Each structure stands twice: as structure tokens, then as C-alpha cells.
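Peer 1:
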Amino acid sequence: MKKQESLTNCSQKACQQLFEKVMDPAVNSNGQPAGCPECVQAAKALESDLAALHRAALRHTPPMPGPVRLPVAATPNRPLWTLGFKPVLAFAASLVLVFGLAVGMGLLKTSGPPAFSGLKGPELAGLPTGEDVVEGYSASQTGILGLDYLILAGEMNLLNNAETDQEDSFFEDFLDFIAPLAGDDPLLQGRILQKETSHV
Amino acid sequence: MEAMASFKRNSFDAGPDAELVEKARRGDRSAFERLVQIYSERIFAMIYARVRNVQDAQDLTQEVFIRAYKNMAKLQEAEKFVPWLFSIARNRVTDFKRKKRFLFFLGSPDDVLPEVGRSDEEAGGQTALDGLLSREFWSHVDAFSAKLSTGEKEVFFLRFLDQLKIPEIAQVLNKSQSTVKTLLYRAVAKFESDRRLSEYIRKEEVS
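In order, the protein sequence lines correspond to chains A and B. Letter by letter, the first sequence follows residues 1 to 200 of this note's numbering. Letter by letter, the second sequence follows residues 201 to 407 of this note's numbering.
Written out as C-alpha cells, the structure reads:
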């Protein structure tokens, strides 16, 4: 042990051990190390002072006002691998159930074009526009997507009542998007023309 | 109060019951509750010596045991239960003091000052004189510990107030035993050279 501040001026090893034993009774447990009488007395005084400090701290510590109570709901945290098979199975089953419900409710699309996700223009909604749609999607998919927009636009009543800049912008986006989708379909072409004319 | 001190001395001598700890680790609630009975006064005393408020010490003791209960599975060796418990308590005290300092900066110093107040005297069933003596004692302890570095103070308190052994202190502080011994040696040298605290205690014991 590196000595930082001297407890005794005595250089005898036995005397130093005396003080080490005061700090750590486990040191030299074969018995009290011999030392010079002065050091023995000083070590005893120090030991007595430290013991008195402990007693005084106990005296001046009030008793606990009440016992410690574990809440009924408190349970030990246990690692997942110690929980056994049943909880793991239940967790896996609940995951499958939640995923299945999400797919069933249409919250997660497993195929086809992405669903329209907000009342913004197609680009802002993160949807493919124009020729991307035509190239990347089948005719039936683009048709469905186009009709989705038509329905949406109808619901928003924007086609016939574009009054603000935002609505105009949306309508332009809509036409840019929907025009290529019509393709050769005379029904869709006619419907777009009708809507465009009525808006202008 | 003497009876209380006697009870505490006895509980301080009780070693970790490896079988109880092992049962508690396996989730046996009653075994853990028995450990709470054995060690709660000791942990409370350890926390009180650092926060000096009965209610705060009681709340922190409660938190320590709840945390210990929840994390029993993380305790690797049953014989390290005591230092493990003390390390949880030490961390809780550190967090508590940090929070107090933060509140102080926010301007609510009423919650910050560590002192033995009237509520403590009432909570502890102390008379006004007991309370006065306690305040005086702890102010002497504070005056002495102000001369120690943070490490020296921690080691000195854990060794001589909380009665932990050197290897246990090393585990609580996550330091080597030789570092703990060095810090302890410095602290004890300061305790020995500054006689005011020990003289005060001696006078108090005589009276």
C-alpha cells in the first residue's frame, strides 16, 4: 500500500501494520502485530475513536419511520430466455395477430401500388406520378389508383369548387397525374375531359 | 434510543444469508422480504448519513429495495448481495443529490439544504435536545468531511460509518482494493490529525 500521509513517525514495519490493521481488521489476522509502545497506544486510540464515531453515527440516526414495503405489483425483471416457452409463444402469437389484423384492415399493403395517404398532391403524398405510374404499374393498377384519386377529389369537392390557390394546385397535380392513366380507355378519357372542362 | 442502536449493531453484524439471497434470486418474494427486514435499517442509516432527512432517506430506502427486487436476477453471486445493495443505494443517493442541485439552480433552495429538521425529530421520536445534539454531531462530521476528497469521503463513510469491509467497498465503488486502501489511509490520517471530531464525540459520550 502506498503511504500518502503518515499516521506515525515510526518507520518500523510492525508499527505501520498496526495502523493498517485499524483500517482493515483482515490484515495480519494471525494476531496483533507487535510494535513500539507509542505506536501501540496511538493505534488503540485511533481504533477507539473510529469505533466511537460509528457508535455516535448510530445514536444520531433516527429510526426508520416505517418498514419498507414492496408494492404488490412489483415483480422481478427476468431475462426473456428464463421465462419459459409459454410467454414466448404468447408473445409470438400476439405479434402474428396484430400483423394479421393490420393487413386485414388494409393498414399494411402487401402488394399493388401504395395507398393514398393524405389530402395533398400526389408528389407530396410520396406517390408515383405521371409516366412512372404508367411504366411501373399494370393497366388495372393504374386504373384503380386513378379512380382512387377521382373518388378522393370528389369527396373533397375540389373539382367543381376550386377556390383557393391550394385547391388549384391540387387540381393541377391531379390532372397531371390522372391524364396518362386514362390511356386508351374512352370512359376515363371522357371523364377527365368532363372534369377539366367543368373546372375551367 | 440505546435499544435502537443495539438493534442496529446486531443487524450490522448479520452477514449475507446466501440461501435467502439464492431463493430471492429465483423470485421467492418472501425470501426477499426477509432480506428487506435484515438490511433495511442498515441501508436507511447509510442513506441518512448522506442526505440527512428522514423522509428522503425513507423514500430512497424504499426505492433501493424495489430496484434490488426487480434486478435480483442480475446479481451473479449471492455473497456479493451486501455490496451490490450498497452500490444501488449509493447510486440512488447520487441521483437524489444531482436532482437536488438541479432544483437549487431552478430556485427552490428549501428542498436542498441537508439538515436535521423538526420533522425529523418528530419522525424519529427524538426530543428537541436529541435533535439539537444530532445537528451538532452531523455538523462536526460535515466539517471533517469537507477536508476529504470525494473518494476519501466515500471510502471513509463506507468503512467506518457503514462498517463495510475493504473488499466490499471495492465492489461498491468499482475500484481496486489497493485504491480503496490508499484513499482510506489518507482519510484516516486526516481524521487522526484533526482531533476536533473525535474530541467532540469523546466529550459527548462522557456526558
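Backbone N, C-alpha and C fix where the C-beta goes; we use that ideal spot for every residue, glycine too. In this text, all values refer to a predicted model and were calculated from it rather than measured experimentally.
1. For alanine 43 of chain A, does the three-state DSSP call read helix, strand or coil?
2. Any beta carbon from chain A within less than 8 angstroms of isoleucine 266 of chain B's own beta carbon?
3. With a CB to CB cut of under 8 angstroms and the five nearest residues on each side skipped, what residues in its chain are close to glycine 35 of chain A?
4. Please report how far the alpha carbon of arginine 242 of chain B lies from the alpha carbon of serine 378 of chain B, in whole angstroms.
5. With 9 angstroms as the C-beta to C-beta threshold (strictly closer), list the residues of the region 363 to 374 of chain B near chain A in chain order.
6. Could you tell me if glutamate 131 of chain A is buried or exposed, where buried requires 16 or more neighbouring beta carbons within 10 angstroms of its beta carbon?
7. When the distance is taken between beta carbons, is leucine 383 of chain B closer than 8 angstroms to valine 355 of chain B?
8. Using 10 angstroms around the beta-carbon of glutamine 371 of chain B, count the other beta-carbons present and answer buried if the total reaches 16, otherwise exposed.
9. Taking its Cβ as the centre, do 16 or more other Cβ atoms sit within 10 Å of glycine 331 of chain B, making it buried, or is it exposed?
10. Where does glycine 351 of chain B fall in DSSP's three states?
11. Roughly how many angstroms lie between the CA atoms of arginine 181 of chain B and valine 103 of chain A, to the nearest whole one?
12. Using 8 angstroms as the threshold, is the C-beta distance between leucine 361 of chain B and histidine 54 of chain A below it?
13. Of all the residues that make up the region 55 to 80 of chain A, which are near chain B by a beta-carbon distance shorter than 8 angstroms?
14. Quick one: which unbroken alpha helix (DSSP H) runs of 4-plus residues sit fully inside the region 332 to 383 of chain B? Chain order, please.
15. To the nearest angstrom, how far is it from the Cα of phenylalanine 286 of chain B to the Cα of lysine 274 of chain B?
16. So what does DSSP say about proline 65 of chain A, is it helix, strand or coil?
17. If contacts are defined as beta-carbon pairs under 8 angstroms, then methionine 64 of chain A and threonine 261 of chain B qualify, I think. What distance do you get, rounded to the angstrom?
18. Looking at C-alpha atoms only, which residue of B/Tyr239, B/Ala249, B/Gly227 is the closest neighbour of tryptophan 338 of chain B?
19. For serine 94 of chain A and asparagine 77 of chain A, what's the separation of their Cα atoms in angstroms?
20. Just verifying my parser: in three-state terms, what is the DSSP assignment at glutamate 413 of chain B?
21. Just the Cα atoms here: how many angstroms apart are lysine 158 of chain B and arginine 252 of chain B?
22. Just reading off the alpha helix (DSSP H) that cysteine 10 of chain A is part of, what are its end residues?
23. How is valine 72 of chain A classed by DSSP in three states: helix, strand or coil?
24. For leucine 97 of chain A, count neighbouring Cβ atoms within 10 angstroms of its own Cβ and tell me buried if that reaches 16, exposed if not.
25. Can you check whether the CB of alanine 268 of chain B is closer than 8 angstroms to the CB of alanine 218 of chain B?
26. Looking only at C-alpha atoms, which of B/Arg226, B/Lys223, B/Asp394 sits nearest to lysine 347 of chain B?
27. Tell me which same chain residues have a C-beta within less than 7 angstroms of the C-beta of cysteine 39 of chain A, skipping the five on either side of it?
28. Report yes or no: is there a C-beta of chain A within less than 8 angstroms of the C-beta of threonine 261 of chain B?
29. In whole angstroms, what is the alpha-carbon distance linking valine 406 of chain B and arginine 226 of chain B?
30. Listing by chain order, which chain A residues have their CB less than 7 angstroms from the CB of leucine 384 of chain B?
Peer 2: According to the data block:
1. Reading the first sequence from its first residue, position 43 is the one you call residue 43 of chain A. Helix, per DSSP.
2. Counted from its first residue, the second sequence places residue 266 of chain B at position 66. Yes, contact with chain A.
3. Taking the first residue of the first sequence as position 1, residue 35 of chain A is located at position 35. Counting only Cβ-Cβ distances below 8 angstroms, and skipping sequence neighbours, we find Cys10, Gln12, Ala14, Cys15, Gln17, Leu18, Ala43.
4. Here residue 242 of chain B refers to the residue found at position 42 of the second sequence. Here residue 378 of chain B refers to the residue found at position 178 of the second sequence. Those two C-alpha atoms are separated by around 26 angstroms.
5. Answer in chain order: Gln363, Lys365, Ile366, Pro367.
6. Locating residue 131 of chain A in the first sequence gives position 131, counting from the first residue. Residue placement at glutamate 131 of chain A is flagged as unreliable, the pLDDT there being 46, under the threshold of 50; the coordinate-derived value follows with that caveat. Exposed, because fewer than 16 other Cβ atoms sit within 10 Å of the Cβ of glutamate 131 of chain A.
7. Taking the second sequence and counting its residues from 1, the one referred to as residue 355 of chain B is at position 155. Taking the second sequence and counting its residues from 1, the one referred to as residue 383 of chain B is at position 183. Yes, the pair counts as a contact, with Cβ atoms nearer than the cut-off.
8. The count along the second sequence starts at 1 and reaches residue 371 of chain B at position 171. Counting Cβ neighbours within 10 Å, glutamine 371 of chain B comes out buried, since at least 16 surround it.
9. Locating residue 331 of chain B in the second sequence gives position 131, where the first residue counts as 1. Around the C-beta of glycine 331 of chain B, 16 or more other C-beta atoms lie within 10 Å, and the residue is accordingly described as buried.
10. In the second sequence, the residue the question calls residue 351 of chain B occupies position 151. It is helical.
11. Nothing about residue 181 of chain B can be reported from this structure: the residues present for chain B run from 201 to 407 only.
12. On the second sequence, residue 361 of chain B is found 161 positions in, with the first residue counted as 1. On the first sequence, residue 54 of chain A is found 54 positions in, with the first residue counted as 1. Taking 8 angstroms as the cut-off, the Cβ atoms of leucine 361 of chain B and histidine 54 of chain A count as close.
13. The region 55 to 80 of chain A vs chain B, Cβ under 8 angstroms: Arg55, Ala56, Ala57, Leu58, Arg59, His60, Thr61, Pro62, Pro63, Met64, Pro65, Gly66, Pro67, Val68, Arg69, Leu70, Pro71, Ala74, Thr75, Pro76, Asn77, Arg78, Pro79.
14. Entirely contained in the region 332 to 383 of chain B, the alpha helix (DSSP H) runs reaching 4 residues are, in chain order, 350 to 356, 366 to 373.
15. Start at 1 with the first residue of the second sequence, and residue 286 of chain B comes out as number 86. Start at 1 with the first residue of the second sequence, and residue 274 of chain B comes out as number 74. Going from the Cα of phenylalanine 286 of chain B to the Cα of lysine 274 of chain B covers about 15 angstroms.
16. In the first sequence, counting from the first residue as 1, residue 65 of chain A sits at position 65. Three-state DSSP puts proline 65 of chain A in coil, outside helix and strand.
17. As a working mapping, residue 64 of chain A is identified with position 64 in the first sequence. As a working mapping, residue 261 of chain B is identified with position 61 in the second sequence. Confirmed, Cβ separation roughly 7 angstroms.
18. Sequence index remark: in the second sequence, residue 338 of chain B carries index 138 (1-based). Ranking the options by Cα distance to tryptophan 338 of chain B, first place goes to B/Ala249.
19. Here the question's residue 94 of chain A lines up with position 94 in the first sequence. Here the question's residue 77 of chain A lines up with position 77 in the first sequence. Near 21 angstroms, if we compare the C-alpha coordinates of asparagine 77 of chain A and serine 94 of chain A.
20. It is not possible to answer for residue 413 of chain B, since the shown part of chain B is limited to 201 through 407.
21. Examination of residue 158 of chain B is not possible in this model, given that chain B is present from 201 through 407 alone.
22. Within the first sequence, residue 10 of chain A is the residue found at index 10, counting from 1. Run containing cysteine 10 of chain A: none; DSSP gives neither H nor E here.
23. Here the question's residue 72 of chain A lines up with position 72 in the first sequence. In this structure, valine 72 of chain A counts as coil in the three-state DSSP scheme.
24. Position 97 of the first sequence, counted from the first residue, corresponds to residue 97 of chain A. By the Cβ-count criterion, leucine 97 of chain A is exposed, with fewer than 16 other Cβ atoms from all chains shown falling within 10 Å of its own Cβ.
25. Residue 218 of chain B sits at position 18 when you count from the first residue of the second sequence. Residue 268 of chain B sits at position 68 when you count from the first residue of the second sequence. A distance of 8 angstroms or more separates the beta carbons of alanine 218 of chain B and alanine 268 of chain B.
26. On the second sequence, residue 347 of chain B is found 147 positions in, with the first residue counted as 1. Nearest of B/Arg226, B/Lys223, B/Asp394 to lysine 347 of chain B, Cα basis: B/Asp394.
27. Reading the first sequence from its first residue, position 39 is the one you call residue 39 of chain A. Excluding sequence neighbours, cysteine 39 of chain A sits near Thr8, Cys10, Cys15, Leu18.
28. On the second sequence, residue 261 of chain B is found 61 positions in, with the first residue counted as 1. Closer than 8 angstroms: yes.
29. By 1-based counting over the second sequence, the position of residue 406 of chain B is 206. By 1-based counting over the second sequence, the position of residue 226 of chain B is 26. Rounded to whole angstroms, valine 406 of chain B to arginine 226 of chain B spans 49 angstroms at the Cα level.
30. If you number the second sequence from 1, residue 384 of chain B lands on position 184. Those are Met23, listed as they occur along chain A.
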